[in-house]
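To start, the structure itself, in structure tokens.
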Amino acid sequence: MTLPDLTIRPRRLRRTAAIRRMVRESALTTDDLIYPIFVDETIEEAVAVGSMPGVSRIPLADVGAMVKKVAAAGIPAVIFFGIPAHKDAIGSEAWNDAGIVQEAIRAAKVAVPSMCVIADACFCEYTDHGHCGVLHGEDVHNDETLCNLQKEVTSYARAGVDIIAPSGMMDGMIGAIRSALDSEGFQQVAVMSYAVKYASGYFGPFRDAADSTPSFGDRASYQMDPANRREAITEALLDIEEGADFLMVKPALAYMDIIRDVRDATQLPLAVYNVSGEYAMIKAAAANGWIDEQRVVMETLTGFKRAGADLIITYHALDAARWLQED
Ligand code: PBG
Ligand code: ZN
Numbered sequence: 000m001t002l003p004d005l006t007i008r009p010r011r012l013r014r015t016a017a018i019r020r021m022v023r024e025s026a027l028t029t030d031d032l033i034y035p036i037f038v039d040e041t042i043e044e045a046v047a048v049g050s051m052p053g054v055s056r057i058p059l060a061d062v063g064a065m066v067k068k069v070a071a072a073g074i075p076a077v078i079f080f081g082i083p084a085h086k087d088a089i090g091s092e093a094w095n096d097a098g099i100v101q102e103a104i105r106a107a108k109v110a111v112p113s114m115c116v117i118a119d120a121c122f123c124e125y126t127d128h129g130h131c132g133v134l135h136g137e138d139v140h141n142d143e144t145l146c147n148l149q150k151e152v153t154s155y156a157r158a159g160v161d162i163i164a165p166s167g168m169m170d171g172m173i174g175a176i177r178s179a180l181d182s183e184g185f186q187q188v189a190v191m192s193y194a195v196k197y198a199s200g201y202f203g204p205f206r207d208a209a210d211s212t213p214s215f216g217d218r219a220s221y222q223m224d225p226a227n228r229r230e231a232i233t234e235a236l237l238d239i240e241e242g243a244d245f246l247m248v249k250p251a252l253a254y255m256d257i258i259r260d261v262r263d264a265t266q267l268p269l270a271v272y273n274v275s276g277e278y279a280m281i282k283a284a285a286a287n288g289w290i291d292e293q294r295v296v297m298e299t300l301t302g303f304k305r306a307g308a309d310l311i312i313t314y315h316a317l318d319a320a321r322w323l324q325e326d
């Protein structure tokens, strides 16, 4: 048998572990990770989230210890989600200066002053109907929701937040937030926009965790259609014009092409949200012994970096940080 002359052999660069390290094109570090924390005003002790093994809702009293754990793992940032004791039609608890997220921000800053504290800014956890803003009939009223968003984010700023992350997909939300923060003297507070957020089935476990499932209908009139690609760039460019400091694509795993598109079309730091359903799938398969959890998690997170992400919001953050350290 004769073979053609193989002058070029890519396997030469895969031959030893040292050479593989030398030619590796992307890397995951703990600096890239952001850990989500659910703070629940209605509980005294941590409550496990059934569909997200390893994740709990925690009471305010546990926030300091949790943030210390995140800092000890070398992770630079947390993002808070609040579950309030009182919900109403407009989500007014979201701008209570003594609200659960405001208190969590203060507790985090006391426990670890150097921690970067991010607050998700939306209303679905605060409204009794579970939609992301003020309803007119069955529709979320964009501009009235923006007015409430301005109250919410300035309240978070007074509590000492570093970064506001609005997740409601309202038109003009970044401009409204930026002007509210600036007019109250919070020019230094940054905005990480959930610029490209799809109406996704992958949010299911989160809605259990945050008690934010809409009581009727869905979020398709504000979150994006999963079939759309060009619209992602429209959304990202609008948010840049309105003053965003970071952009985000969410979910991540089914939207790798979008992550790459946004990376190539823009210059801001880009975060991706490795959402609850993505986490639940890996945990469920691993619990069944069907996949190697560590290997699949690290491959997934590295994939986000390769696709163009700078930052990854992930429930795997504490595990990933430990695995990176052991390496
Ligand atoms: C609230 C919000 C959601 C998530 C983050 N912020 C849920 C939703 O839009 O229904 C999802 C996070 C996850 O699934 O891990 N607007
Ligand atoms: Zn919401």
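Residue numbering for the sequence shown follows numbering that gives the first Met the number 0, starting at 0 and increasing by one per position. For glycine and all other residues, C-beta sits at the position ideal for the given N, C-alpha and C.
F122 carries a coil assignment under DSSP once its states are collapsed to helix, strand and coil. Check the Cα spacing between P204 and each of V48, D181 and E40: the tightest is with V48. Per the C-alpha coordinates, the member of Q324, F215, K282 and V69 positioned closest to G136 is F215. Restricted to the segment 183 to 253, the beta strand (DSSP E) segments that are unbroken, complete and at least 3 residues in length are 189 to 196 and 245 to 249, listed in chain order. For D142, there is no enclosing beta strand (DSSP E); the enclosing alpha helix (DSSP H) covers residues N141 to A158. With respect to the 9 Å criterion, V69 and S55 are not classified as neighbours on the basis of their beta carbons.
A distance criterion of 8 Å places the beta-carbon of G81 beyond contact range of the ligand ZN, judged by its closest non-hydrogen atom. Beta bridge pairing from DSSP links Y272 with I312. Cα atoms of S211 and R294: separation of roughly 32 Å, rounded to the nearest angstrom. The C-alpha of M280 is placed about 35 Å away from the C-alpha of G242. Within the DSSP bridge table, the entry for C115 names A76 as partners. Counting C-beta atoms within 10 angstroms of its own C-beta, H130 has 16 or more neighbours from the protein chains shown and is therefore classed as buried. Proximity of the beta carbon of C146 to the ligand PBG is not indicated: no heavy atom of the ligand is located closer than 8 Å. Measuring C-alpha to C-alpha distances from S220 to each of R177, D170 and V116 identifies D170 as the nearest. The beta strand (DSSP E) runs lying completely inside the segment 4 to 90 and spanning 3 residues or more are 32 to 39, 55 to 57 and 76 to 82, given in chain order. Within the same chain, Cβ atoms closer than 6 Å to the Cβ of L252 are found at E277, the five residues on either side in sequence being excluded.
Around the beta carbon of R177, 16 or more other beta carbons lie within 10 angstroms, which makes this residue buried.
According to DSSP, H135 shares a beta bridge with D138. With a cutoff of 9 Å on beta-carbon distance, L246 and A270 are scored as near each other.
Distance from the CA of L323 to the CA of L32, rounded to the nearest whole angstrom, comes to 11 Å.
Straight through space, the alpha carbons of T29 and L310 are spaced by roughly 10 Å. Annotation for A106: the continuous alpha helix (DSSP H) segment containing it runs I99 to A110. Straight through space, the alpha carbons of D326 and C121 are spaced by roughly 38 Å. One Cα belongs to F79, the other to G288, and the distance between them is close to 32 Å. Burial check for A158: the Cβ neighbour count within 10 Å reaches 16 or more, so the residue is buried. For I162, the enclosing beta strand (DSSP E) covers residues I162 to P165.
In this structure, the beta-carbon distance from I239 to D260 does not fall below 9 Å. Look at the beta carbons and you see the segment 111 to 118 touching the segment 71 to 89: at least three pairs across the two are nearer than 8 Å.
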